[in-house]
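>
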Amino acid sequence: MNRIGSLRDRLGRIAYGGDYNPEQWPEQVWEEDLRLMKEAGVSLVSVGIFSWATVEPEPGTYDFGWLDRVMDLLADSGVAACLATMTASPPPWLTARHPEMLPTGADGTRMWPGGRQHYCPSSPVYREHAAGLAEQVATRYAGHPALALWHVGNEYGNVAPCYCDVSADAFRRWLRERYGSVDALNDAWSTTFWSQRYASFDEVLPPRSPAPFANPAHAVDYARFSSDELLACYLVEKEVLRRVSPDVPVTTNFPPSLRPADLWTWAPHLDVVAYDAYPDPFDPAADAKIAFSYDVMRSLGDGEPWLLMEQAPSAVNWRARNAAKPAGAMRLWSWQAVAHGADAVMFFQWRQSRGGAEKFHSAMVPHGGPTGRVFEEVRELGHEFAATTALPGARAPRADVAMVLDWPNWWALEQDAHPSADVRFLDAAWALHGPLYDASVACDVVRPDADLSAYRLVVVPNLYLVAEEAARGLERYVEDGGTLVMSFFSGIVDSCDRVHLGGYPAPFRRMLGLRVEEFRPLPESGTIGLSQGTGTVWSEDVHLEGAEAVEHFTTGEPAGRPAVTRHRFGRGTAWYLATRPDPATMRRLIDRIREEAGARPVLPGLPEGVQARARVTGDGPCYILLNHRTTPVTVDLPGPMTDLLGGADAAGTVRLAPRGVAVLRPAG
Amino acid sequence: MNRIGSLRDRLGRIAYGGDYNPEQWPEQVWEEDLRLMKEAGVSLVSVGIFSWATVEPEPGTYDFGWLDRVMDLLADSGVAACLATMTASPPPWLTARHPEMLPTGADGTRMWPGGRQHYCPSSPVYREHAAGLAEQVATRYAGHPALALWHVGNEYGNVAPCYCDVSADAFRRWLRERYGSVDALNDAWSTTFWSQRYASFDEVLPPRSPAPFANPAHAVDYARFSSDELLACYLVEKEVLRRVSPDVPVTTNFPPSLRPADLWTWAPHLDVVAYDAYPDPFDPAADAKIAFSYDVMRSLGDGEPWLLMEQAPSAVNWRARNAAKPAGAMRLWSWQAVAHGADAVMFFQWRQSRGGAEKFHSAMVPHGGPTGRVFEEVRELGHEFAATTALPGARAPRADVAMVLDWPNWWALEQDAHPSADVRFLDAAWALHGPLYDASVACDVVRPDADLSAYRLVVVPNLYLVAEEAARGLERYVEDGGTLVMSFFSGIVDSCDRVHLGGYPAPFRRMLGLRVEEFRPLPESGTIGLSQGTGTVWSEDVHLEGAEAVEHFTTGEPAGRPAVTRHRFGRGTAWYLATRPDPATMRRLIDRIREEAGARPVLPGLPEGVQARARVTGDGPCYILLNHRTTPVTVDLPGPMTDLLGGADAAGTVRLAPRGVAVLRPAG
Amino acid sequence: MNRIGSLRDRLGRIAYGGDYNPEQWPEQVWEEDLRLMKEAGVSLVSVGIFSWATVEPEPGTYDFGWLDRVMDLLADSGVAACLATMTASPPPWLTARHPEMLPTGADGTRMWPGGRQHYCPSSPVYREHAAGLAEQVATRYAGHPALALWHVGNEYGNVAPCYCDVSADAFRRWLRERYGSVDALNDAWSTTFWSQRYASFDEVLPPRSPAPFANPAHAVDYARFSSDELLACYLVEKEVLRRVSPDVPVTTNFPPSLRPADLWTWAPHLDVVAYDAYPDPFDPAADAKIAFSYDVMRSLGDGEPWLLMEQAPSAVNWRARNAAKPAGAMRLWSWQAVAHGADAVMFFQWRQSRGGAEKFHSAMVPHGGPTGRVFEEVRELGHEFAATTALPGARAPRADVAMVLDWPNWWALEQDAHPSADVRFLDAAWALHGPLYDASVACDVVRPDADLSAYRLVVVPNLYLVAEEAARGLERYVEDGGTLVMSFFSGIVDSCDRVHLGGYPAPFRRMLGLRVEEFRPLPESGTIGLSQGTGTVWSEDVHLEGAEAVEHFTTGEPAGRPAVTRHRFGRGTAWYLATRPDPATMRRLIDRIREEAGARPVLPGLPEGVQARARVTGDGPCYILLNHRTTPVTVDLPGPMTDLLGGADAAGTVRLAPRGVAVLRPAG
């Protein structure tokens, strides 16, 4: 953490800024840019993410003059640069010369230029040219005083995988590496089914459409492969950067959806985790959902602070209907990122584009200029952050609760030909995370095979795919005294998507004290009665084998059977949800379970709609309070505290404005 | 019927079993399989349907060792084998060597391997390799003591037609055969429209997309051609089997949807009709809909018993949400198949797969092993069937009612550019079949040109496309004293989809005693008032020419005009429905019509929700009573009967449990 | 207007007839056709639109014999011919020989023959063969006595643009022409965004899919290009026709949707504007929507009469559910076309096809023959029109109101990545046009840079894209005393889709006296409260800079902010709508605005549902009254008038039957 430590020292505050694309503007605008950045408290900007065609207008011809001037201006103004390798969007000359590097969809149609990230990640042409450009950029700017951080690519994985013949070759190599022999592959993929047995690796193809109901092991391996191929693209550039500038930290920004790449395998290769968050302001659960993503990011870095690399000052442009953020929401959600461990709050983008596909994406400096609500909020927040010298580098305390997240499980869970298409991982994760979030109970996110001994409660949403050893780890956690809550359709298949035989959920039957005989998914938008509440999405026939029923189904085919169970196992307790309780029922359940487990809120007695999170600075804990209500609220504190924002003492209570924030430090 | 008679003699009971795919399991499981089959009363299993890649792992190299052992085990255990030719899913080595045999969609995109049935039915490569494999299988197992029946392919037609260039060539040959000259083709297809006149057969293409509003005659001929090409695939294999093993009966399983192939042309080539039924347990009309399919199957074999080759023990896996069958439904619906003439009740599949795309399809032996509700129901039913020695081979008595079904009409009716996209054949058929089913009135299904003289009532749902001669046959039926009920949009076009001129419905005007001036389809989900009830989907302007109006429209543009008419014609009566009455109205109407026609229930005075069907054994009629209610019911019988299941006498009444079944034989 | 004047003289009445496709019928039917045409008052028929394959059955072999006979029959019967160049649907032999001329979709899939208009408009093969056929047709029939008008192609643009490589080449030429240098192109398209800078024109492609969020300037230019390429197809043929037959007027029928081609650039190349109108009878606003289209058509010809080239006698066949026109609606809507300036009312088609994709499209002579409601209405209307000798050539008086319509704005407005996908141009236009229509206030349609000085009120729906000069023109109009009402999201970008900087809507801020700080589109189907009414689709933060708020938002984030504003500017008044008021609110607002502006109804005091329009004949104004109600109504007239239809005097009042029409001329 040498590299990232020196970055923190250099910035000395919560970093603040955004994507800066000066090449879209005449140079006379740049001076105003720098002046306004100072006014807005900007300390860090991402530069050059989509500049390939500008810096290499023709193959092998480089024009860095404009960027030299921009970097010098930034250095002169004390603004640090997160400099891109500029490889996210290949220039027209490259794809015109090498159309074979364009990605191909599962249906065989080509994805043409016009957007961005239009490259096959397995393409040697793309990788070679990307590495070449990274070398040029690294060599030129390695020692530049403005340079603080390398930004490789952009949101790897936010486009669909490629299914071209080049990818097919790479996939075969990857499979050979993974399985060694074609017999092992046939076994792993259960190819006796539907006559899919391969005589040789050469016969394997990507899971191209429109074959109905692809081999699910094949599909999950293709998702693993696609994640690895993207990672290889990142690593090709990272190696260049490391060689040329060993002291400069390197990162890439993880995409908002989280889903496409296995971030557990990626995170070790980043010097600091970075994330782009785009909650939908129309969504009443927007804050709860980003809280989950932020918990993922903090956990990917093992609790180290991370960077919110992009968010929107107000509206985005790529939804069908793009809500503006209501007044105060941007500031509140920015502080929320900090509360969940972020050391930077940045935006896409600094100045709103005049042309192109993202011109209606809000920016720090809107089309209307540095005036109005958005710029005002941007400016005020920049000043608040300028005073946050205590926070950078401060870790969150280890949470009482951990939630299990595994990417291959996510991909496998959402294959087709399952009992219900309504079982989606994020819905399951949000359903369990929401009640913790509501109660200000901190939650880490962990791999299924993580050491869980330090947690009071482990939450396991739909762990459909799980390796035997990982299952044993969860069982041991309970046996040794932990409390675990697991939702239905967990423990079903192994890492090759083959059913764990022996009665569902075979690897968890002992721990849960039950057996599931048959799945009974509900019809679309259907519900099912519970003894106290309502279930959604799913029901099933649970047979108790030691567990007790805490809640029963009261309607439908499984009426009278257990819906929620508890099992004392070893020194611990394992809970099981045989349906997805509706939010109110889930909240009641999770509140009870976590109270029994001793998982406590960050601060006690918080009113509904007010969240707290802590970060541990060198001088002790620092509490960030967030009022998600649109009305003011007074919060009783456990003792006298100082509000670092207001400056005023909050002896015992603090009053939060609508969407207000306080940063509290225990007095004395 | 020699071949099938000897099969019946051999089995001596309602055959019972399922798809058996032992190659998915290690050999040590096989012994348990056979033990459990005995326990479950299994008498017949389908073997090897997707085994191509296993038995021919490389081109020309065969590995039948495992199958020899399986067949010997079956023979030793007295379980008969319905042995597949294994050609339903080509192995990877074949499509890797011959990608040109992969099917191509109407939009020109290729359908890649990964699912099954990924072959162009016109592909000479596929046909040659399929015939080659069939020859190997037939030669090896022709005299095997386990072999009872050949199973060719699998659900021919449950994938979309192929539109590739090979298909185009074959289509041209087929057209040349059908039309002789390009002038005849131009005339048949009305090619003066939109400048589509062909100068030569060589210019004809499949009806590829996305041409809006394809020539409908072209599209209907392509459906005919596709059905014929699939049939040719079947026949190629059948010829091999017949040559090698002339005494062994041959069949293939018709797909659940019924639609893709003209089964009237297929059925004569099967020694026994076989069908796969997958009703959706979420659908409250599931039992009525399969009753219709079962009537089709019985009728395809001209009343001979047929085989229910596949159904699910509980849930399937390929819907978005897959309902489990409620307790008792599997048994009830299995007996329903027998009631409608089935001599076999079989499942997909014996043992639930560990891997692959269908692992969540229920099986006779679930993932959890031979325990629990599903296996229990399977076992009990097996024992019930073991006692059914009287039923196999028993025909259904000729029904009082016949429903007209014609595949080219189905395909033509559902072309685009019609008055309403809501006029779908199955909806129309179900709407008319449902009231007969509800009333336990047996119904045969017939070709439009069938001899109808033995029927008391003929029901004609949406016979849009009808040849002049067939129309004359229907007219003669009424003239000679029959009762006929026809729904709107019938008699509109000839077999080339050209309008019968002279006022709709020209070929039926005399018989119906009316003329339709203009169609007035209803808006989406719209309804229209009737003097006693409600109409859906359609209305029109009917002018009476001898018929009387039984029901009028009361709202909308046609208010006051006839909605339901009756016409005394010759010695008979022709009814006409100018709308689709809602189910209650339809039930009232059909009850009245069939009562007037003298079409009687199988048993009189059955309570609502209880169905009866008869089969005529050597010892006289046998009545199967099915209680579709979830409450018990007592049924008054026309006389003393014996319940072959319960064994108890049912002197005058029989009590049926919820979803209960009785098999009754008149006492004495 | 010489050519068209002589056409008018020749017809001497509102032309009446339809598409006549005798090649679909045996010759014996033709005699009946001509007899029935006389009976129905037919004076003009369109011949040969889809006859290419019939007249040129093989390359270079022509068969005009049948057409000679048809033309002679028409001439003998005094029916004029609008003769097609027959190039709308290439014959099978042409596409079989030149598959490269088939159009290609944005996703790279080919559009196959089977429908019509299956040609790439940039294809030299197509253009050459089309010109060749036009030459043959022109040469043969130039002097034929039946020939009155040339009909080129058919509904140019009612298929999707082509994206093939030939189109790509043509597009590059077009861009070179438009921009001169690649630097100018890069600037116009803002290609610094997402690394899209071109090194050469050779790198430019059509905006092929599925690139998410294409460069919008690229997309809008492709729409301009596609319109121009279609126009080039038209002009290639027109030049041939003009050369061979300089005195015969030439036209083409504009497609119902209006959208695909920039009709302002097309109209000058037509001797008379022609249009195909297909309102949906299920749509309660059908009459209001066609009224808008008719206003466009009249305005394209600068107020000159135009031709309704096609409409349906009753139902069409290409919607999912095709409503029949209720009794009287066809006549009413036909007179509506005349009221809005049409000199012809024609149908698709004369005799309903027996076969092909349009056989369920209604026709003047239905399948049932010349009998029944449809033919009766056709016949009666023909006789009414036969007496309309005063109307042909009569212009509409200049309207008091003008609505701004610009095609590049339309295309740009509906690009993706905008604040809301619900902002569609036609919806906006209809919302503003509807209240004028309801009030019988005539409305012209004008280009944004038109001379507006003669109008009392200018209505500007969603003028998102506007050049600086056009904006200045609108400003000057207000400054000089005009009244203007503009809806939100206007004045946003220049003609290259680059934002007008300086605060929205920059070019209109002075005129409107306000600034919009932020867009707040509403969620799907969302509404927002107004002080008197309800807003839909959109809200935004308006800051007044001189304007006054007439209506405020009362709910949501912008509660309390202006929703409708009025600004006295120079000697005029500019209104602004920051939301789309629901229809009742909009009606109230527009009534007020137009009354203040002095824009008057064509006749005062008309009852709700009764429309009036005027045409100025040589003998003074002629008023056409249309009763869109299904009940009779008595209308008070401003003075004594004669009803040219009824013949009866209407001294002060006129009584209109349900869906009734009167053609009134002030008495004396």
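Protein chains in written order, with this note's numbering: chain C, 1 to 668; chain F, 1001 to 1668; chain S, 2001 to 2668.
C-beta: ideal position from N, C-alpha, C; glycine also.
The structure presented is a predicted model; accordingly, all values stated were derived computationally and were not measured.
Rounded to the nearest angstrom, what separates PRO2092 of chain S and LEU2465 of chain S at their Cα positions?
Walking along the third sequence from the start, residue 2092 of chain S turns up at place 92. Walking along the third sequence from the start, residue 2465 of chain S turns up at place 465. If you take the alpha carbons of PRO2092 of chain S and LEU2465 of chain S, they lie about 42 Å apart.
> Run down chain C in chain order and give the residues with a C-beta less than 9 Å from the C-beta of PRO1092 of chain F.
Locating residue 1092 of chain F in the second sequence gives position 92, counting from the first residue. Within chain C, the residues near PRO1092 of chain F are THR191, SER195, GLN196, ARG197, TYR198, ALA199, SER200, GLU203, VAL204 and LEU205.
> When the cut-off is 7 Å and only beta carbons count, does PRO212 of chain C lie next to chain F?
On the first sequence, residue 212 of chain C is found 212 positions in, with the first residue counted as 1. Chain F, which has a Cβ nearer than 7 Å to the Cβ of PRO212 of chain C, makes this yes.
> Spatial neighbours of SER2495 of chain S within its chain, please: C-beta separation below 6 Å, excluding the five flanking residues on both sides.
Within the third sequence, numbered from 1, the residue matching residue 2495 of chain S stands at position 495. So the list reads ALA2467, once near-sequence residues are dropped.
> In terms of residues, what are the limits of the beta strand (DSSP E) holding ASN2627 of chain S?
Against the third sequence, residue 2627 of chain S aligns to sequence position 627. Residues 2620–2627.
> If you reduce the DSSP assignment to three classes, tell me which class PRO1562 of chain F lands in.
By one-based count along the second sequence, residue 1562 of chain F stands at place 562. Strand.
> Let me know the secondary structure DSSP gives TYR2222 of chain S once reduced to three states.
For the purposes of this step, residue 2222 of chain S is taken as the residue at position 222 of the third sequence. Residue state, collapsed to three classes: helix.
> Does the CB of GLY368 of chain C have a neighbour CB from chain S at under 7 Å?
The residue you call residue 368 of chain C lines up with position 368 of the first sequence. Judged by the 7 Å Cβ criterion, GLY368 of chain C is in contact with chain S.
> Might you give, ordered along the chain, the residues of its own chain that have their beta carbon closer than 6 Å to the beta carbon of PHE1125 of chain F, omitting 5 neighbours on each side?
The residue labelled residue 1125 of chain F in the question sits at position 125 within the second sequence. One point to set straight first is that residue 1125 of chain F is Val, not Phe, in the sequence displayed. Here the set comprises HIS1098 and MET1101.
> Put ILE528 of chain C into one of helix, strand or coil per three-state DSSP.
Stepping through the first sequence from its first residue, residue 528 of chain C is reached at position 528. Correct three-state label for ILE528 of chain C: strand.
> Can the beta-carbon of PRO1521 of chain F be found less than 7 Å from the beta-carbon of VAL1542 of chain F?
For the purposes of this step, residue 1521 of chain F is taken as residue 521 along the second sequence, with counting starting at 1. For the purposes of this step, residue 1542 of chain F is taken as residue 542 along the second sequence, with counting starting at 1. Not closer than 7 Å, so no.
> Can you check the region 436–509 of chain C for any beta strand (DSSP E) of at least 3 residues that lies completely inside it and give the ranges in chain order?
If we require 3 residues or more, the beta strand (DSSP E) runs fully inside the region 436–509 of chain C come out as 443–446, 457–460 and 483–487.
> Just curious, the beta strand (DSSP E) that TRP1112 of chain F is in, first and last residue?
Reading the second sequence from its first residue, position 112 is the one you call residue 1112 of chain F. TRP1112 of chain F -> no beta strand (DSSP E), and no H or E assigned at all.
> Closest to ARG1498 of chain F by C-alpha separation, out of F:GLY1132, F:CYS1120, F:ASN1158 and F:THR1191, would be which residue?
Counted from its first residue, the second sequence places residue 1498 of chain F at position 498. Selected option, being the one with the closest Cα: F:THR1191.
> Nearest CA to the CA of VAL272 of chain C: which residue from C:LEU300, C:ASP262, C:ASP287 and C:PRO281?
Counting from one through the first sequence, the residue named residue 272 of chain C turns up at place 272. Nearest option by C-alpha distance: C:LEU300.
> Using 7 Å as the limit for Cβ to Cβ distance, is ARG2208 of chain S near chain C?
If you number the third sequence from 1, residue 2208 of chain S lands on position 208. Taking Cβ atoms only, chain C reaches closer than 7 Å to ARG2208 of chain S, which makes this a yes.
> Could you round the C-beta distance between GLY529 of chain C and THR555 of chain C to whole angstroms and report it? I think they count as a contact, below 8 Å.
Translated into positions along the first sequence, residue 529 of chain C becomes position 529. Translated into positions along the first sequence, residue 555 of chain C becomes position 555. So it is a contact: roughly 4 Å between Cβ atoms.
> Can you name, in chain order, every residue of its own chain whose Cβ lies under 6 Å from the Cβ of MET2001 of chain S, other than the five neighbours on each side?
Taking the third sequence and counting its residues from 1, the one referred to as residue 2001 of chain S is at position 1. Because the pLDDT at MET2001 of chain S is just 49, under 50, the model does not fix this residue reliably, and the point stays unresolved.
> What is the residue span of the beta strand (DSSP E) that PRO2666 of chain S lies within?
Taking the first residue of the third sequence as position 1, residue 2666 of chain S is located at position 666. Start and end: 2661–2666.
> By the 10 Å Cβ neighbour count, where 16 or more other Cβ atoms means buried, how is ASP1649 of chain F classified, buried or exposed?
Locating residue 1649 of chain F in the second sequence gives position 649, counting from the first residue. By the neighbour-count rule (16 or more Cβ atoms within 10 Å), ASP1649 of chain F is not buried but exposed.
> Just verifying my parser: in three-state terms, what is the DSSP assignment at ARG398 of chain C?
Position 398 of the first sequence, counted from the first residue, corresponds to residue 398 of chain C. ARG398 of chain C: coil per DSSP, three-state reduction.
> Output yes if chain F places a C-beta closer than 7 Å to the C-beta of ASP451 of chain C; else output no.
In the first sequence, residue 451 of chain C corresponds to position 451, counting from 1. False, the Cβ-Cβ gap to chain F never drops below 7 Å.
> By the 9 Å beta-carbon criterion, what residues does the region 507–522 of chain C contribute toward chain F?
Hits within the stretch, in order: ARG515, VAL516, GLU517, GLU518, PHE519, ARG520, PRO521 and LEU522.
> So is THR87 of chain C buried or exposed if we call it buried at 16+ other beta carbons inside 10 Å?
Within the first sequence, residue 87 of chain C is the residue found at index 87, counting from 1. Looking at its Cβ environment, which holds 16 or more other Cβ atoms inside 10 Å, THR87 of chain C is buried.
> For GLN2117 of chain S, is the classification buried or exposed, using 16 other Cβ atoms within 10 angstroms of its Cβ as the cut-off for buried?
For the purposes of this step, residue 2117 of chain S is identified with residue 117 of the third sequence, where counting begins at 1. The residue in question, GLN2117 of chain S, is buried, as its Cβ has 16 or more Cβ neighbours within 10 Å.
> Nearest to GLY2618 of chain S by CA position, among S:ALA2390, S:GLY2646, S:PRO2281 and S:GLU2551, is which residue?
Within the third sequence, numbered from 1, the residue matching residue 2618 of chain S stands at position 618. With distances taken between Cα atoms, GLY2618 of chain S lies closest to S:ALA2390.
> Out of curiosity, what's the CA-to-CA distance linking TRP1670 of chain F and PHE1064 of chain F?
For chain F, the structure presents residues 1001 to 1668; residue 1670 of chain F sits outside this window and is missing.
> Just checking my contact of GLU1177 of chain F with ASN1253 of chain F at CB under 8 Å: how many whole Å lie between their CB atoms?
For the purposes of this step, residue 1177 of chain F is identified with residue 177 of the second sequence, where counting begins at 1. For the purposes of this step, residue 1253 of chain F is identified with residue 253 of the second sequence, where counting begins at 1. Going by Cβ atoms, the distance from GLU1177 of chain F to ASN1253 of chain F rounds to 28 Å, so no, they are not a contact pair.
> Can you give the Cα-Cα distance for PRO658 of chain C and ARG8 of chain C, rounded to whole angstroms?
Along the first sequence, one-based indexing puts residue 658 of chain C at 658. Along the first sequence, one-based indexing puts residue 8 of chain C at 8. Each residue's Cα considered, the two are about 32 Å apart.
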